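Colleague: I have a structure I would like to understand better, so I am pasting it below and will then ask my questions one at a time.
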Amino acid sequence: MQVAEELGVRYVLEGSVRKASDKVRITAQLIDATTGHHL
């Protein structure tokens, strides 16, 4: 994973925030940059 190499990290946190009317939904995924697997 290129961004992990550039930052010198092993894990990358990826996610999004969505708002619908009065509710907020947050999703997040932790990725092992060496294998590409989602943890």
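Each residue of the sequence shown is one higher than the one before, counting from 204 in this note's numbering.
Ideal placement from N, C-alpha and C gives every residue a C-beta, glycine not left out.
Model, not experiment: these values are computed from the prediction.
1) So what does DSSP say about V212, is it helix, strand or coil?
2) When the Cα atoms are used, what is the spatial distance from L210 to L216?
3) For the beta strand (DSSP E) that T230 lies in, which residues bound it at each end?
4) If A236 and A207 are in contact, beta carbons under 8 Å, what's the gap, nearest whole angstrom?
5) Excluding sequence positions up to five away, which residues of its chain have a Cβ less than 6 Å from the Cβ of R221?
Modeller: Looking at the atomic coordinates:
1) Numbered from its first residue, the sequence shown carries residue 212 at position 9. Correct three-state label for V212: coil.
2) Looking up residue 210 in the sequence shown gives position 7. Looking up residue 216 in the sequence shown gives position 13. Spanning the two alpha carbons is a distance of roughly 13 Å.
3) Counting from 1 along the sequence shown, the entry for residue 230 is found at position 27. Per DSSP, T230 belongs to the beta strand (DSSP E) from 226-235.
4) The count along the sequence shown starts at 1 and reaches residue 236 at position 33. The count along the sequence shown starts at 1 and reaches residue 207 at position 4. So it is a contact: roughly 3 Å between Cβ atoms.
5) As a position in the sequence shown, residue 221 is number 18, starting the count at 1. The answer, listed in chain order, is R228.
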